[in-house]
Each structure stands twice: as structure tokens, then as C-alpha cells.
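Undergrad: In full-length UniProt numbering, the protein residues as written are 1 to 737.
The structure follows.
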């Protein structure tokens, strides 16, 4: 088990932890949001996580809702004080300056964080939504390799401006009549509460990625041009529950550049006094052919009711609509719906559109098998008294459900609807501890690791120790099955690679035979379909490179104390040479693929920017002609055609000059080159162009590779598409330097 990460502030809420698809962990605390970016470094010889740490500081000012009516004005009339008095105990209408002055918890403290889905494998497009105790909802995006995040939009301020323009009516509602100046105190108080509640965000949840056609993103298998065009029109939705009972839906383009790429998508009135939990159904398997439904959203309120709303898009209507299609739980049992999640269940032939909705209500964990096609609850069940105190946090992975309580207990539940009597299989992963306060749990993308924010309460000792603890949930056979499947790139499997690294560090007999044979080059990762053979080749090389780097780290670590240092040095040199050879093969596959895409494009598309396009094209041809060991005729013909279509305006290998002194820079390496005056520049891993002073560069998240910005070459279609790819070496995304 990895060592805990130390925290300096204890989280405020009971569900303050979130784990992103690219393996970043966010924790909401009173002073800031911690963001830990996990880095799987094969050279590390301990079982602790390697991570980059960054923080998002809380806003300097507390959000005050300007709704045209103030509480101080309403309190001026002493004769009507009985009308205003109920507002004084409402923390939204009359918030105190401090939530807990003893613990320095102020109203602008963070309480909830949620990561968006990735949306694309080629860009760093994951967003982080943060909600504060003052109901301020902000969205952030990563701006550097070190994990720094910058705010993209303050949705609370945007919504306030939109509602004030429509007299505090949503886009799906008719504008409300103006409040007369002679209105009674009761009417003024009711209007004041209505306006403030419309702006007070309670919780939120991200949808999956939607493509330009109906349903979730189905770009898998498209050619490069098709994927690029598909992603340009793809978007994600953020559902936000307001205290007024409304649910506001925000639309975010996958290629988010500024606040202009965010818009108000739709709104609907849930019919509940106070919705407290939301959950999108993200699984593409539940989409029904022939229907216009794009997605389903579950809404739960504090009185215990649960409903499912379907998203409909009508060409005749400018605004998409949400219709209530199912009441999952109608009873007002006064047990608040604390958590909800849709989990994967293999659909049956009789009902191809089934999904499972898992809910925590008080001490109970409930599951509903929902047929989204017929809009009915096929079956439901619950676990009796799973926790001694109400479950405070929940996360799911496949058919596995994890729940935790405030006393730190973590329970694992497996759902199996094929059984007629006992659907649940429960296991206690961690028992409760009265001296421990848990502030939420989160699962890694592949369900391998569990992170839990913990505050230890030991007598009257202050400050209390605070940490982020980890529990390993994955098993080696499960990890191997997912790791030896090449349908997803290796850059998206950091948690799987970290499990292998920690196992290799702690194991005496090394790695499993399947990985040892792959590292020795005796086996490959088989493609599930013939068209994935190119992907399988790249995936095999990248995984083999990672395994060789693991061996290299162990060899270097053992060389300090072991005898026979000469033998160790020879082994280290052999491993380093093997890694360099794999990187050369990966670079060749990338260049060949780039030249093949150029070959398929028309001359009109690729000749817009002659300088950058021609230089990159000829550099790739130069590298293939001088550094590639392949004798294949198709590769040779690519080089010949590149030279033929672009007559030599410069000498081979001397196509660039130094920005500082103007000297010619000879092309000697695909990594970096220098001029005669010693000015050294790193080369772009995607285009082989030099990254000089005038170039905007990006860094690979997992390795040291650099790449030029695709936006600087927007007028050259082919080069822009080349620069939009992921890292050829490790399949990770590039982020701004």
C-alpha cells in the first residue's frame, strides 16, 4: 500500500474527493483545492506515488447575490419583522460571516469538486468544476505540465447576468412580471427568496461527451480527418442543481479555449423543493436505436424522491428539452438522497437498454434496474443497515460499488442481477474508527486504487493530522487483462502502470510471465480487429518500453550494493540501447503515418503555408532516408514523393536556421540540434521542427517531449493535424509549457 499524502487542511464536506480520467486527484478544503497529478515513474524504487502538486486558491471575496432586493432593506420595517425572521436562520438568504470560526471555515471555502470526462485522447480537455460554501460555481482548466490550473469561467456570475436580463426567469420559462414598488413585505420576501435560490448552486455532475449526432461520442474507428472533425463539434454538459428546484444545464465544447465556448444549454424545473443529488447516465450501451433521446439524468431530493429525466433534441425547437420519463422512488421517506451513480450492467437480449442506478439513502444502499427503453423499473433492491452511520460518499467501477461513512468505514458491494435471491455481495475493506473522520472516497479510472481523505481526531490534539490514504483494490489478473488490451492508448492507463510498478518494486520474483515475455520481445499485444494492427504495434512498443524502463530502474538501484558492477553496467547499457531502439521505431511509425496522411490530401489543402509545411515534410523525409532502417518499398516511395513534390530549395539536412544568430542548423538528431555558435534547440516530437524562441511549445505530461502549438499553424491543414496528435513515445497529451 502506498504511503499517505499529507494535507494541510481538512476538507469541509463529506464528499470532497474526485479522481479524473487522466489520474489527477482533487480535494476540496477550506483554504484551497489540492490537485495531485500522478506520475508513473519507472525509475522510482519505492511503492509510494510520484505526483505533481498544485493548488487552486479560494476567491478573495465572498460571493454576494445582487438580485435587486436586499435583506437589510427588508429588515428596516420593524413592524414586518415577523415576515423576515425565518430568513435569518437560512444560511443562503442570511449567511453568517464564518461557517465555523474555530476551524477558520469561511463562506468562500470549497466544498465540492467534480472532474469532467476526457472527451478526446489528443488534447488536454479535462475540466474541474469547483463549488464553494457561498454557492459560487467555477470551472478550471490545466495550463502547464506542473499541474497549474486557471479559471475558465465563473458560472455563478454568468448565470446572474443572464437571469437579471430575463427578470429572473430561465430560458425555458416566460419572464416574470416586474415587482411593483408598492408590493407587500410578504411579496418582497418571497421574490427575494426566489431570486437568491435560483442562483444558489447545490451540487453538480458532468455528462459524457456528445458528438454532433445523437448519442454519446462514437468516434472510435474513424479515420484521422473524421475524428478531428467529430471532436471539433463534440461537447459535454454540466448539470447544476439549484436550491430553487431548477436544474441548469451548461454546455462546454470539448476544444474549450475561452468562456465563449461555454453556453447555457437548457433548464428545467425538477418539481422538488430542493434537489441535492444528480447523476448522468454516461454509458453508450443504453442508447436505443431509433429514438431521439441523447441522455438520461437522475435527480434526487432531500425528501428522498428520485426521478429520471430524458434529454430530447427537436429540430423545431431552439432549446433542448428535458422530460420526466420515470419516477424511480416516489415516497417522501425523509431520507435524503446523498449519492447517486449509474453503473455498468450487461444488457440482456430482451432489454438492450437497461442500466443500474445505485443510490445511498441514510444507512441504506439501494439499486434500481431501469429499462430506459420502456421507462420502467424492472427490479430494485437494497442492503439493510450497511453502515452504522449514514453513507457519506460513493463511487462505482463496473459492477463494483464502494461506499464510505464519516467514521472511515469502506464497504465494497458487487451487484449481480442474474441471482434471484441475493443480488449483493458485500465486503468490508476498512472497518469504522471512531477517532477518524472520512471526507470522501474516489476510485482511479480503472478501479485499481481507492483514495480516501482522512482527518484523525486524537483526543484534544490540534491541529489534527490530515492525509489522503490509499487502498489497492485491483488484482493482477484484472490489471493484465486491461493492460494487454490495446483498444485504449497506454497514456490513459497510468493507474494500471502504477500498479505494475509498485508490484515490481515489492515483488521478489519479478513481473508475471506475460509481461516478462513481452519485455523480452517474445510476444506482442494482439489486436482485436484487423484495422487496429497499427495501433497494436505502437501499443506493444510503448508497453515494452515501459517494462524495459522498469528493469533499468531496478538494475541501477541494485548496482550500488551488488557485486559484479561490470556486469551491471553491461546490463544497463543493453537496456538503454533497447529503449532508444523502441523510441526510434515509434518515431518511424509516427512519421510514416504523417506522410501517408499528407499523401492522401489534395495539393490545395497542404500548400497553404509553404514554409512550415515544406520544412516539416522534408525533415521527415530526411529522417526516413538517413535514420530509418526500413527497406520497405512503400516507405521508400513516400520519401521519393516528398522530395519530388517539394524540389530542394535548401540542402538536405540543413533546412533551418537559428533564431538568435541566423546560422544554419544541421539536422543530426530527432531530439535536439545546435548551431555552430552553440545555441541548442529541442525538436518537436510531432513535426521534427525546432522549438526556438519564437515558437509556442507544449510539454508531454508523462515524458520530456516537446511539441509546437497547433494553433500557430492553423493555416496549414496537414501540419495542424500532425500537431494535434498525442506523444509518439508514451501516447500522452501535450499541455502548454
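Quick reminder that beta carbons are idealized off the backbone N, C-alpha and C, glycines included.
(1) Tell me the rounded alpha-carbon separation between residue 150 and residue 80.
(2) On the three-pair Cβ rule with 8 Å, is the region 103–117 touching the region 655–675?
(3) Could you tell me the boundaries of the alpha helix (DSSP H) in which residue 495 lies?
(4) In three-state terms, what does DSSP make of residue 204?
(5) Whose C-beta lies closer than 6 Å to the C-beta of residue 502 among residues of the same chain, with five residues either side of it excluded?
(6) Can you tell me where the beta strand (DSSP E) holding residue 697 begins and where it ends?
(7) Can you give me the C-alpha to C-alpha distance between residue 578 and residue 544, rounded to a whole angstrom?
(8) Helix or strand or just coil, what does DSSP make of residue 598?
(9) Helix, strand or coil for residue 442? Go by DSSP, reduced to three states.
(10) Could you name the residues of the same chain whose beta carbon sits closer than 6 Å to that of residue 307, not counting the 5 residues immediately before and after it, in chain order?
(11) Mind pulling the alpha helix (DSSP H) runs of 4 or more residues that sit fully within the region 251–278?
(12) Nearest-angstrom Cα distance between residue 5 and residue 190?
(13) Helix, strand or coil: how does DSSP classify residue 168 here?
(14) Along the alpha helix (DSSP H) that carries residue 194, what are the first and last residues, could you check?
(15) Hey, quick one: how far does the alpha helix (DSSP H) through residue 522 stretch, first residue to last?
(16) Buried or exposed for residue 152, going by 16 or more other Cβ atoms inside 10 Å?
(17) Measure the C-alpha to C-alpha separation of residue 571 and residue 690 and round it to an integer number of angstroms.
(18) Enumerate in chain order the residues of its own chain whose CB-to-CB distance from residue 148 is below 8 Å, with the five nearest sequence positions on each side excluded.
(19) Start and end of the beta strand (DSSP E) containing residue 154?
(20) Cα separation between residue 613 and residue 719?
(21) Taking all protein chains shown into account, decide if residue 220 is buried (16 or more other Cβ within 10 angstroms of its Cβ) or exposed.
(22) Nearest to residue 494 by alpha carbon, out of 178, 476, 444, 504?
(23) Excluding sequence positions up to five away, which residues of its chain have a Cβ less than 8 Å from the Cβ of residue 405?
(24) Assuming residue 619 and residue 686 form a contact by the criterion Cβ under 8 Å, report the distance between their Cβ atoms to the nearest whole angstrom.
(25) Do residue 410 and residue 583 have their beta-carbon atoms positioned less than 7 Å apart in this structure?
(26) Looking at residue 376: is its Cβ nearer than 7 Å to the Cβ of residue 367?
(27) Could you spell out where the alpha helix (DSSP H) holding residue 636 opens and where it closes?
(28) Which partner residues does residue 364 have in the DSSP bridge list?
(29) Is the separation between the beta-carbon of residue 178 and that of residue 168 shorter than 7 Å?
(30) Just to confirm the assignment, what range does the beta strand (DSSP E) spanning residue 342 have?
(31) Give me, in chain order, the residues of the same chain whose beta-carbon lies closer than 6 Å to that of residue 380; leave out the 5 immediate sequence neighbours on both sides.
(32) In this structure, does DSSP put residue 132 in helix, strand or coil?
(33) Under three-state DSSP, which class holds residue 693?
(34) Pull the bridge partners of residue 115 from the DSSP assignment, please.
(35) Does the region 330–339 come into contact with the region 242–254, if we say contact requires no fewer than three beta-carbon pairs (one atom in each stretch) closer than 8 Å?
(36) Cβ of residue 453 within 7 Å of Cβ of residue 27?
TA: Judging by the given coordinates:
(1) Within the chain shown, numbered from 1, the residue matching residue 150 stands at position 150. Within the chain shown, numbered from 1, the residue matching residue 80 stands at position 80. Residue 150 and residue 80 have their C-alpha atoms spaced approximately 46 Å apart.
(2) At 8 Å Cβ cutoff, the stretches do not touch.
(3) Within the chain shown, residue 495 is the residue found at index 495, counting from 1. It spans 494–506 - the alpha helix (DSSP H) in which residue 495 sits, taken as one unbroken run.
(4) Along the chain shown, one-based indexing puts residue 204 at 204. In this structure, residue 204 counts as strand in the three-state DSSP scheme.
(5) In the chain shown, counting from the first residue as 1, residue 502 sits at position 502. Counting only Cβ-Cβ distances below 6 Å, and skipping sequence neighbours, we find 47.
(6) Within the chain shown, the letter at position 697 stands for residue 697. Per DSSP, residue 697 belongs to the beta strand (DSSP E) from 697–700.
(7) The residue given as residue 578 occupies position 578 in the chain shown. The residue given as residue 544 occupies position 544 in the chain shown. Each residue's alpha carbon lies about 10 Å from the other.
(8) On the chain shown, residue 598 is found 598 positions in, with the first residue counted as 1. In the structure shown, residue 598 sits in a helix (DSSP, three-state: H, G or I).
(9) One-based indexing of the chain shown puts residue 442 at position 442. Strand, per DSSP.
(10) The residue given as residue 307 occupies position 307 in the chain shown. Excluding the 5 residues flanking it on each side, residue 307 has same chain C-beta neighbours closer than 6 Å at 299, 324, 327, in chain order.
(11) Those alpha helix (DSSP H) runs which fall completely within the region 251–278 and span 4+ residues do not exist here.
(12) The count along the chain shown starts at 1 and reaches residue 5 at position 5. The count along the chain shown starts at 1 and reaches residue 190 at position 190. Residue 5 and residue 190: Cα-Cα distance of roughly 47 Å.
(13) Here the question's residue 168 lines up with position 168 in the chain shown. Reduced to three states, the DSSP call for residue 168 is coil.
(14) Against the chain shown, residue 194 aligns to sequence position 194. Its alpha helix (DSSP H) spans residues 185–199.
(15) Locating residue 522 in the chain shown gives position 522, where the first residue counts as 1. Note, residue 522: premise wrong, no alpha helix (DSSP H); not H, not E.
(16) On the chain shown, position 152 is the one that residue 152 refers to. By the 10 Å Cβ count, residue 152 comes out buried.
(17) Against the chain shown, residue 571 aligns to sequence position 571. Against the chain shown, residue 690 aligns to sequence position 690. Rounded to whole angstroms, residue 571 to residue 690 spans 33 Å at the Cα level.
(18) As a working mapping, residue 148 is identified with position 148 in the chain shown. Here the set comprises 54, 142.
(19) If you number the chain shown from 1, residue 154 lands on position 154. Run containing residue 154: 149–154, per the beta strand (DSSP E) assignment.
(20) For the purposes of this step, residue 613 is identified with residue 613 of the chain shown, where counting begins at 1. For the purposes of this step, residue 719 is identified with residue 719 of the chain shown, where counting begins at 1. One C-alpha to the other measures close to 6 Å.
(21) Numbered from 1 along the chain shown, position 220 holds the residue referred to as residue 220. Below a pLDDT of 50, predicted positions are generally treated as unreliable, and residue 220, at 48, falls in that range; no measurement from the model is reported.
(22) One-based indexing of the chain shown puts residue 494 at position 494. Selected option, being the one with the closest Cα: 444.
(23) Walking along the chain shown from the start, residue 405 turns up at place 405. Around residue 405: 387, 388, 389, 390, 391, 392, 432, 438.
(24) What you label residue 619 is simply residue 619 of the chain shown in a count that begins at 1. What you label residue 686 is simply residue 686 of the chain shown in a count that begins at 1. With a beta-carbon spacing of about 11 Å, residue 619 and residue 686 fall beyond the 8 Å limit used to define contacts.
(25) Within the chain shown, the letter at position 583 stands for residue 583. Within the chain shown, the letter at position 410 stands for residue 410. Residue 410 sits away from residue 583, with the two beta carbons spaced by 7 Å or more.
(26) Sequence index remark: in the chain shown, residue 376 carries index 376 (1-based). Sequence index remark: in the chain shown, residue 367 carries index 367 (1-based). No, the pair does not count as a contact, with Cβ atoms beyond the cut-off.
(27) Here residue 636 is taken as the residue at index 636 of the chain shown, counted from 1. Counting along the chain, the alpha helix (DSSP H) containing residue 636 begins and ends at 633–645.
(28) Along the chain shown, read from residue 1 onward, the residue named residue 364 stands at position 364. Paired residue(s): 361.
(29) Mapped onto the chain shown, residue 178 falls at position 178. Mapped onto the chain shown, residue 168 falls at position 168. When the beta-carbon positions are compared, residue 178 and residue 168 stay at least 7 Å from each other.
(30) If you number the chain shown from 1, residue 342 lands on position 342. In the DSSP annotation of this structure, the continuous segment of the beta strand (DSSP E) that includes residue 342 starts and ends at 337–343.
(31) By 1-based counting over the chain shown, the position of residue 380 is 380. Result list for residue 380: 368, in chain order.
(32) Position 132 of the chain shown holds residue 132. Note: residue 132 maps to strand in three-state DSSP.
(33) Here residue 693 corresponds to residue number 693 of the chain shown, with the count starting at 1. Reduced to three states, the DSSP call for residue 693 is coil.
(34) Here residue 115 refers to the residue found at position 115 of the chain shown. Answer is 128, bridged to residue 115.
(35) The region 330–339 is not in contact with the region 242–254.
(36) Sequence index remark: in the chain shown, residue 453 carries index 453 (1-based). Sequence index remark: in the chain shown, residue 27 carries index 27 (1-based). It is a contact, given that the beta carbons lie within the stated cut-off.
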